[in-house]
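Right, one structure below, let's go through it.
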Amino acid sequence: KNEVEQSPQNLTAQEGEFITINCSYSVGISALHWLQQHPGGGIVSLFMLSSGKKKHGRLIATINIQEKHSSLHITASHPRDSAVYICAGTYNTDKLIFGTGTRLQVFP
Amino acid sequence: EPEVTQTPSHQVTQMGQEVILRCVPISNHLYFYWYRQILGQKVEFLVSFYNNEISEKSEIFDDQFSVERPDGSNFTLKIRSTKLEDSAMYFCASSGAGWEQFFGPGTRLTVL
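As they're listed, the protein sequences go chains A and B. Counting along the first sequence from 1, when you hit position 39 you're at 39 in the working numbering, and nothing is skipped either side. Counting along the second sequence from 1, when you hit position 1 you're at 1001 in the working numbering, and nothing is skipped either side.
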């Protein structure tokens, strides 16, 4: 069964801290996606990756194919980073299979 | 920057009524999706649509659901006879050739 699991479920941090959110997935993934869900509910795609590492501003996503594991890192965290971060996978079709999300709160 | 739009933002309906949720995907995208998120749960795939037909649907997408692209710009999800358990946030998404999906802001459906 195609599955995506995330940890932790909840994460709190002080402004400026380095944050890591982890995702593990079942074999056969085509691409791993990281998305951000705002408190109002909207979903924004952050990264799509199938190998290596991608960086956008203070966000870095990595994937380790052998270990079936991906991480999302946030450097120099800020209260505006507070959101739910979701990893999702595409397998042999283009539908996204979502993880349960990690709720991040960054305090000033 | 082009974006996916959805209307209405919130729909309240009585159990048994029909609802139509509307989406305008990004104009040059070819692949369209509906997902839903029941409060407190993870986002679930409902259906994907390409070339004017359903390409894949989940077990959730039973006979009460249908999708349509009536005019080349809108993409609609119809729920024929709503149930209490249909209450959820419904997200439309679209993608071009690269499989990155762009999501609309969602429609919150409340079934009373």
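The C-beta atom is built at its ideal place from N, Cα and C for all residues, glycine as well.
CB contact below 8 Å: residue i versus chain B
i	result
isoleucine 43 of chain A	yes
leucine 96 of chain A	yes
alanine 31 of chain A	yes
glycine 28 of chain A	no
threonine 102 of chain A	no
threonine 90 of chain A	yes
threonine 93 of chain A	yes
glycine 57 of chain A	no
glycine 99 of chain A	yes
Residue i Cβ short of 7 Å to the ligand ATP heavy atom set
i	result
lysine 1042 of chain B	The model depicted lacks the ligand ATP and carries no ligand whatsoever.
N- and C-terminal bounds of the beta strand (DSSP E) containing residue i
i	result
isoleucine 86 of chain A	83–90
histidine 33 of chain A	31–37
valine 106 of chain A	102–107
glutamine 1017 of chain B	Counting along the chain, glutamine 1017 of chain B falls outside any beta strand (DSSP E), and DSSP gives it neither H nor E.
leucine 1109 of chain B	1107–1111
Member of the options whose CA lies at the smallest distance from the CA of residue i
i	options	result
alanine 76 of chain A	A:Gln66, A:Ile19, A:Tyr91 and A:Ala61	A:Ile19
asparagine 22 of chain A	A:Glu15, A:Ala13 and A:Gln9	A:Gln9
glutamate 1018 of chain B	B:Ser1066, B:Tyr1031 and B:Ser1027	B:Ser1066
glutamine 1023 of chain B	B:Arg1108, B:Gly1098, B:His1010 and B:Phe1091	This sequence places cysteine at residue 1023 of chain B; glutamine is not what is there. Cα-wise, what sits closest to cysteine 1023 of chain B is B:Phe1091.
aspartate 1062 of chain B	B:Ile1079, B:Ile1020 and B:Glu1068	B:Ile1079
histidine 33 of chain A	B:Pro1105, B:Gly1104, B:Gly1098 and B:Arg1108	B:Gly1098
serine 24 of chain A	A:His38, A:Ser30, A:Ser50 and A:Ser7	A:Ser7
isoleucine 1020 of chain B	B:Gln1006, B:Glu1059 and B:Tyr1050	B:Gln1006
valine 84 of chain A	A:Val4, A:Gly101, A:Leu49 and A:Thr12	A:Gly101
glutamate 1085 of chain B	B:Arg1069, B:Leu1039, B:Ser1027 and B:Asn1028	B:Leu1039
For residue i: DSSP bridge partner residues
i	result
serine 159 of chain A	Absent from the model: residue 159 of chain A. The displayed extent of chain A is 1 to 108, so no value can be given.
asparagine 2 of chain A	Partner(s): none; asparagine 2 of chain A has no beta bridge.
glycine 40 of chain A	Answer by DSSP bridge pairing: none, since glycine 40 of chain A is not bridged.
glycine 52 of chain A	A:Ile63
phenylalanine 1102 of chain B	B:Ser1094
threonine 1007 of chain B	B:Arg1022
glutamine 9 of chain A	According to DSSP, glutamine 9 of chain A bridges with nothing at all.
threonine 93 of chain A	BP columns for threonine 93 of chain A are empty, so no partner.
phenylalanine 47 of chain A	A:Trp34
phenylalanine 98 of chain A	A:Ala88
Residue-level contact to chain A via CB, residue i, 8 Å cutoff
i	result
proline 1105 of chain B	yes
valine 1024 of chain B	no
tyrosine 1031 of chain B	yes
glutamate 1001 of chain B	no
methionine 1015 of chain B	no
phenylalanine 1075 of chain B	no
phenylalanine 1091 of chain B	yes
glutamate 1056 of chain B	yes
Cross-chain neighbours of residue i in chain D, by beta carbon under 7 Å
i	result
glutamine 1101 of chain B	Checking the listed chains, one finds no chain D in this structure; the protein chains it contains are A and B.
> Which runs of the beta strand (DSSP E) fall wholly inside the segment 1029–1100 of chain B and span at least 3 residues, in chain order?
Replying inline: 1031–1037, 1044–1050, 1053–1057, 1065–1068, 1075–1079 and 1088–1095
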